[in-house]
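Peer 1:
2 protein chains.
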Amino acid sequence: MINKLTLIGAGLIGGSLSLSLKQAGYVSSVVAYDTDQENAQTALALGVADEVSEDLEHAIEGADVVVIAVPVGAVEAVAKSLVSLLRPEMVLTDVGSVKGGVIEAIKSAFGELPENFVPAHPIAGTEKSGAAAAFNSLFNNKRIMLTPTETTSSDALATVKNMWQAAGGKVETLSVAKHDAIFAATSHLPHLLAYSMVNALTSIDMSEEIFTYAAGGLHDFTRIASSNPVMWRDVCLHNREQLLSVIDVFEKDLDQIREAIDRGDGDYLFERFSQAKKTRDTHEPVKK
Amino acid sequence: MINKLTLIGAGLIGGSLSLSLKQAGYVSSVVAYDTDQENAQTALALGVADEVSEDLEHAIEGADVVVIAVPVGAVEAVAKSLVSLLRPEMVLTDVGSVKGGVIEAIKSAFGELPENFVPAHPIAGTEKSGAAAAFNSLFNNKRIMLTPTETTSSDALATVKNMWQAAGGKVETLSVAKHDAIFAATSHLPHLLAYSMVNALTSIDMSEEIFTYAAGGLHDFTRIASSNPVMWRDVCLHNREQLLSVIDVFEKDLDQIREAIDRGDGDYLFERFSQAKKTRDTHEPVKK
Numbered sequence: 001m002i003n004k005l006t007l008i009g010a011g012l013i014g015g016s017l018s019l020s021l022k023q024a025g026y027v028s029s030v031v032a033y034d035t036d037q038e039n040a041q042t043a044l045a046l047g048v049a050d051e052v053s054e055d056l057e058h059a060i061e062g063a064d065v066v067v068i069a070v071p072v073g074a075v076e077a078v079a080k081s082l083v084s085l086l087r088p089e090m091v092l093t094d095v096g097s098v099k100g101g102v103i104e105a106i107k108s109a110f111g112e113l114p115e116n117f118v119p120a121h122p123i124a125g126t127e128k129s130g131a132a133a134a135f136n137s138l139f140n141n142k143r144i145m146l147t148p149t150e151t152t153s154s155d156a157l158a159t160v161k162n163m164w165q166a167a168g169g170k171v172e173t174l175s176v177a178k179h180d181a182i183f184a185a186t187s188h189l190p191h192l193l194a195y196s197m198v199n200a201l202t203s204i205d206m207s208e209e210i211f212t213y214a215a216g217g218l219h220d221f222t223r224i225a226s227s228n229p230v231m232w233r234d235v236c237l238h239n240r241e242q243l244l245s246v247i248d249v250f251e252k253d254l255d256q257i258r259e260a261i262d263r264g265d266g267d268y269l270f271e272r273f274s275q276a277k278k279t280r281d282t283h284e285p286v287k288k
Numbered sequence: 289m290i291n292k293l294t295l296i297g298a299g300l301i302g303g304s305l306s307l308s309l310k311q312a313g314y315v316s317s318v319v320a321y322d323t324d325q326e327n328a329q330t331a332l333a334l335g336v337a338d339e340v341s342e343d344l345e346h347a348i349e350g351a352d353v354v355v356i357a358v359p360v361g362a363v364e365a366v367a368k369s370l371v372s373l374l375r376p377e378m379v380l381t382d383v384g385s386v387k388g389g390v391i392e393a394i395k396s397a398f399g400e401l402p403e404n405f406v407p408a409h410p411i412a413g414t415e416k417s418g419a420a421a422a423f424n425s426l427f428n429n430k431r432i433m434l435t436p437t438e439t440t441s442s443d444a445l446a447t448v449k450n451m452w453q454a455a456g457g458k459v460e461t462l463s464v465a466k467h468d469a470i471f472a473a474t475s476h477l478p479h480l481l482a483y484s485m486v487n488a489l490t491s492i493d494m495s496e497e498i499f500t501y502a503a504g505g506l507h508d509f510t511r512i513a514s515s516n517p518v519m520w521r522d523v524c525l526h527n528r529e530q531l532l533s534v535i536d537v538f539e540k541d542l543d544q545i546r547e548a549i550d551r552g553d554g555d556y557l558f559e560r561f562s563q564a565k566k567t568r569d570t571h572e573p574v575k576k
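Chains A and X are the protein sequences, given in the same order.
Take 1 as the starting number for the first sequence in the working numbering and just add one per residue.
Take 289 as the starting number for the second sequence in the working numbering and just add one per residue.
(1) Is it buried or exposed, Pro410 (chain X), if we count other Cβ atoms within 10 angstroms and call 16 or more buried?
(2) Tell me which same chain residues have a C-beta within less than 6 Å of the C-beta of Ala444 (chain X), skipping the five on either side of it?
(3) Based on DSSP bridge pairs, tell me the residues matched to Ile247 (chain A).
(4) Check whether the stretch 516-528 of chain X touches the stretch 381-395 of chain X, counting contact only when three or more Cβ pairs, one atom from each stretch, lie closer than 8 Å.
(5) Write down every uninterrupted run of the alpha helix (DSSP H) in the stretch 421-500 of chain X whose length is 4 residues or greater and which is fully enclosed by it, in chain order.
(6) For chain B, is any of its Cβ atoms less than 8 Å away from the one on Ala120 (chain A)?
(7) Considering Cα atoms alone, identify which of A:Val66, A:Asn140, A:Leu12 is closest to Val30 (chain A).
(8) By alpha-carbon positions, which one of X:Tyr321, X:Val340, X:Pro376, X:Ile394 ends up nearest to Gly384 (chain X)?
(9) Please go through the stretch 314-387 of chain X and give each complete beta strand (DSSP E) segment of 3 or more residues, from N-terminal end onward.
(10) From the DSSP output, in three-state form, read off Pro410 (chain X) for me.
(11) Do Leu12 (chain A) and Ala167 (chain A) have their C-beta atoms within less than 8 Å of each other?
(12) Sort out for me which residues DSSP pairs Phe405 (chain X) with in a bridge.
(13) Going by C-alpha distance, which of X:Ala320, X:Ile545, X:Leu531, X:Lys566 is nearest Tyr556 (chain X)?
(14) Would you tell me roughly how many angstroms separate the C-alpha atoms of Thr439 (chain X) and Glu400 (chain X), rounded to the nearest one?
(15) For Asn3 (chain A), which residues in the same chain have their Cβ closer than 6 Å to its Cβ, ignoring the five residues on either side in sequence?
(16) Using C-beta distances below 6 Å, list every residue in its chain close to Phe561 (chain X), excluding the 5 sequence neighbours before and after it, in chain order.
(17) Is DSSP giving Lys128 (chain A) helix, strand or coil here?
(18) Residues of chain A with a CB under 8 Å from the CB of Lys518 (chain X): which are they?
(19) Considering only C-alpha positions, which residue in the set X:Phe427, X:Glu415, X:Ala333, X:Val366 is nearest to Trp452 (chain X)?
(20) Alpha carbon to alpha carbon, how far is Thr435 (chain X) from Ala408 (chain X)? Give it in angstroms, no decimals.
(21) Excluding five sequence neighbours on each side, which residues of the same chain lie with their C-beta closer than 8 Å to the C-beta of Tyr314 (chain X)?
(22) What is the C-beta distance between Ile144 (chain A) and Lys170 (chain A), in whole angstroms, given that I count them as a contact (C-beta under 8 Å)?
(23) Would you tell me roughly how many angstroms separate the C-alpha atoms of Ser484 (chain X) and Ala331 (chain X), rounded to the nearest one?
(24) Hey, quick one: how far does the alpha helix (DSSP H) through Ile13 (chain A) stretch, first residue to last?
(25) With 8 Å as the C-beta to C-beta threshold (strictly closer), list the residues of the stretch 465-487 of chain X near chain A in chain order.
(26) What is the C-beta distance between Asn141 (chain A) and Ser16 (chain A), in whole angstroms, given that I count them as a contact (C-beta under 8 Å)?
(27) Flag this pair as touching only if the stretch 470-486 of chain X and the stretch 245-262 of chain A have three or more C-beta atom pairs under 8 Å; answer yes or no.
(28) Run through chain A and tell me which residues come within less than 7 Å of Thr510 (chain X), C-beta to C-beta.
(29) DSSP has Leu295 (chain X) in a bridge; who is on the other side?
(30) Determine the chain A residues that contact Tyr314 (chain X) at a beta-carbon separation under 8 Å, and present them in chain order.
(31) Give a yes or no on whether 8 Å exceeds the smallest Cβ distance from Leu244 (chain A) to chain X.
(32) According to the neighbour-count rule (16 or more other Cβ atoms, all chains shown, within 10 Å of its Cβ), is Thr510 (chain X) buried or exposed?
(33) Between Leu307 (chain X) and Val336 (chain X), is the Cβ-Cβ spacing less than 8 Å?
(34) Using a Cβ-Cβ cut-off of 6 Å (strictly less than) and excluding sequence neighbours within five positions of Asp338 (chain X), which residues of its own chain qualify?
(35) With a CB to CB cut of under 8 Å and the five nearest residues on each side skipped, what residues in its chain are close to Glu460 (chain X)?
(36) Within the continuous alpha helix (DSSP H) that includes Arg233 (chain A), where are the two ends?
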């Protein structure tokens, strides 16, 4: 049970965390601090937050848990302003899609990693953003990855774990390096491909007709290209090495497909497509 | 109204055409010819066809409409066996995703393009294949592209148009060249990217963990990698020029993104992602 939760950033993820904790009766009061005043007012109007404040000190005061829920690139600036405000009895956590970059930002701001800091990444989202997109079932049965640091205290870890379980999530822990490698491949790369796909289509003659005649496959494929550009810019900049590595693996595979098409090698294409189908069918998620 | 329809290939598309015409009361009898005897028996058992025959001559006899619904690469062999059987009063049509290649195959088999041949491509499908995957609402409100040749008679065109409207589709006509360019970009390329994406993930260390932790975006993104490998091999081989061209456009865009990540150019990434989001949001399909 949390008495006061402070949300720094009341967007899709932070807002949905608030709504799911409220629905579970797990939090008494949620105070939101958001540099976007319009979004802050939306959060207040929709009950995503009980109170919004433009004063970070007031927003933090007396909080049990402080959740940084801003794009990864904004974490360091937020952390710097928290240094003088965060009390040892408060638990600090985040929701960033990249964990190495966030941990570096916190370390850089605080000088060392606070014991009460728990890096976290809920594997949930939609292509929408902002408080208006938040909803209370976003995390139901979704994986929540915690990547505790060497200094993270067991008490802080338990607080964050219990919070996410109350929000409906399935909590797991993972090393930072594994986390960032896995999500570069499964989440960051697909977003880049979707963005590139849409931009490539735009640059082709007949792009209007292309979008008019787009088949269902394309719409599923490019849905994630509607995602928040700031968030994904920051992911790219903060998970650079891992992303470059998976882009290279992907481009090598696509180049081989391209060469097979060029030389008319049906056997190669059939073998590669069959292998992909087999893999995809084996890992088909259980229908919800 | 069609008295007898002959289906050469009782898979997802042919089978769903049969079921939708039957539901509309638009066809009296559907006879299926399928070289896969197990699939033929499934088609019979599920009522996808009223009769199945291993004898093409018998299957064709007295047909009003003959639908070739096999992978594009198999069209030429089918067409060759039809030359001596097809009567001038029968209408011949197909369902291939590539139109230039199919038209060439028909011309090659018949020596010239028959007046009663109407190339067609229903823009509908799922990642499943075979008679068991067929269902009667697959074409509801879906676009059906007809690409009549210079020799296609207006009577044959009207017959195929009426058939697809009865099946629930929205019929449009388009030139062959435009068709093949548009679908290379909107359908063929996304399938290649999904296949490559899955294969790339498989080749990375920790691929089991990668699939375990796959987020929702990846599942939507790779759904089409479950599609029929034979069909897509044939599409690649028969729409070669157009596909190579769109792969090059895509790879150029992805290379630029890769370079921006490498040099840490957040402004470039933000601009490209914002542009893609704007385009995707503008062309968001109406929710069904």
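Heads up, the beta-carbon is just placed ideally off N, CA and C, and yes, glycines get one too.
Peer 2: Put simply:
(1) Residue mapping note: residue 410 (chain X) aligns to position 122 of the second sequence, counting from 1. Buried, by the Cβ-count rule.
(2) Your numbering for residue 444 (chain X) matches position 156 in the second sequence. Here the set comprises Val379, Asn404, Val406.
(3) Taking the first residue of the first sequence as position 1, residue 247 (chain A) is located at position 247. The partner list for Ile247 (chain A) (beta bridge, DSSP) is empty, contrary to what the question assumes.
(4) yes
(5) 442-454, 464-471, 477-491, 495-500
(6) Structure shown: chain B not included; protein chains present are A and X.
(7) The count along the first sequence starts at 1 and reaches residue 30 (chain A) at position 30. Comparing Cα positions, the closest option is A:Val66.
(8) Taking the first residue of the second sequence as position 1, residue 384 (chain X) is located at position 96. Measuring from the Cα of Gly384 (chain X), the nearest candidate turns out to be X:Ile394.
(9) 315-321, 353-356, 379-382
(10) Taking the second sequence and counting its residues from 1, the one referred to as residue 410 (chain X) is at position 122. In this structure, Pro410 (chain X) counts as strand in the three-state DSSP scheme.
(11) The residue labelled residue 12 (chain A) in the question sits at position 12 within the first sequence. The residue labelled residue 167 (chain A) in the question sits at position 167 within the first sequence. For Leu12 (chain A) and Ala167 (chain A), no; Cβs fall outside 8 Å.
(12) Sequence index remark: in the second sequence, residue 405 (chain X) carries index 117 (1-based). Paired residues: X:Leu380.
(13) Counted from its first residue, the second sequence places residue 556 (chain X) at position 268. It is X:Ile545.
(14) Counting from one through the second sequence, the residue named residue 439 (chain X) turns up at place 151. Counting from one through the second sequence, the residue named residue 400 (chain X) turns up at place 112. Roughly 9 Å between the two C-alpha positions.
(15) Within the first sequence, residue 3 (chain A) is the residue found at index 3, counting from 1. Within the same chain, and ignoring the five residues on either side of Asn3 (chain A) in sequence, the residues whose Cβ sits closer than 6 Å to its Cβ are Ser28, Asp64.
(16) Residue numbering aside, residue 561 (chain X) sits at position 273 when the second sequence is read from its first letter. Within the same chain, Phe561 (chain X) has no close Cβ partners at all.
(17) For this step, residue 128 (chain A) is matched to residue 128 along the first sequence. It is coil, neither helix nor strand.
(18) Counting from 1 along the second sequence, the entry for residue 518 (chain X) is found at position 230. Sequence check: residue 518 (chain X) is Val here, not Lys. Near Val518 (chain X) (Cβ distances below 8 Å), the residues of chain A are Phe270.
(19) Numbered from 1 along the second sequence, position 164 holds the residue referred to as residue 452 (chain X). Among X:Phe427, X:Glu415, X:Ala333, X:Val366, the Cα nearest to that of Trp452 (chain X) belongs to X:Phe427.
(20) Reading the second sequence from its first residue, position 120 is the one you call residue 408 (chain X). Reading the second sequence from its first residue, position 147 is the one you call residue 435 (chain X). Cα-Cα distance, rounded: 6 Å.
(21) Position 26 of the second sequence, counting from 1, holds the residue named residue 314 (chain X). So the list reads Met289, Ile290, Met451, Ala454, Ala455, once near-sequence residues are dropped.
(22) For the purposes of this step, residue 144 (chain A) is taken as residue 144 along the first sequence, with counting starting at 1. For the purposes of this step, residue 170 (chain A) is taken as residue 170 along the first sequence, with counting starting at 1. Right, their Cβ atoms sit about 7 Å apart.
(23) For the purposes of this step, residue 484 (chain X) is taken as residue 196 along the second sequence, with counting starting at 1. For the purposes of this step, residue 331 (chain X) is taken as residue 43 along the second sequence, with counting starting at 1. In a straight line, the C-alpha of Ser484 (chain X) is about 32 Å away from that of Ala331 (chain X).
(24) Counting from 1 along the first sequence, the entry for residue 13 (chain A) is found at position 13. Its alpha helix (DSSP H) spans residues 12-23.
(25) Here the close residues are Lys466, Ala469, Ile470, Phe471, Ala473, Thr474, Ser475, Leu477, Pro478, His479, Leu480, Leu481, Ala482, Tyr483, Ser484, Met485, Val486, Asn487.
(26) The sequence position of residue 141 (chain A) within the first sequence is 141, counting from 1. The sequence position of residue 16 (chain A) within the first sequence is 16, counting from 1. In fact, because the Cβ distance is near 14 Å, the residues do not count as touching under 8 Å.
(27) yes
(28) For this step, residue 510 (chain X) is matched to residue 222 along the second sequence. Those within 7 Å of Thr510 (chain X) in chain A are Arg280.
(29) Against the second sequence, residue 295 (chain X) aligns to sequence position 7. Paired residues: X:Ala320, X:Val355.
(30) Working through the second sequence from its first residue, we reach residue 314 (chain X) at position 26. Under the 8 Å cutoff, chain A gives no residues; its nearest Cβ is about 24 Å from Tyr314 (chain X).
(31) Position 244 of the first sequence, counting from 1, holds the residue named residue 244 (chain A). At least one chain X Cβ lies under 8 Å of Leu244 (chain A).
(32) In the second sequence, residue 510 (chain X) corresponds to position 222, counting from 1. Here Thr510 (chain X) is buried, its C-beta having at least 16 other C-beta atoms within 10 Å.
(33) Taking the first residue of the second sequence as position 1, residue 307 (chain X) is located at position 19. Taking the first residue of the second sequence as position 1, residue 336 (chain X) is located at position 48. Contact flag set, yes.
(34) Taking the first residue of the second sequence as 1, we reach residue 338 (chain X) at position 50. Here the set comprises Ser317, Val318.
(35) Taking the first residue of the second sequence as 1, we reach residue 460 (chain X) at position 172. Result list for Glu460 (chain X): Arg431, Ile432, Met433, Leu434, in chain order.
(36) Position 233 of the first sequence, counted from the start, is the residue given in the question as residue 233 (chain A). Element bounds for Arg233 (chain A): 229-238.
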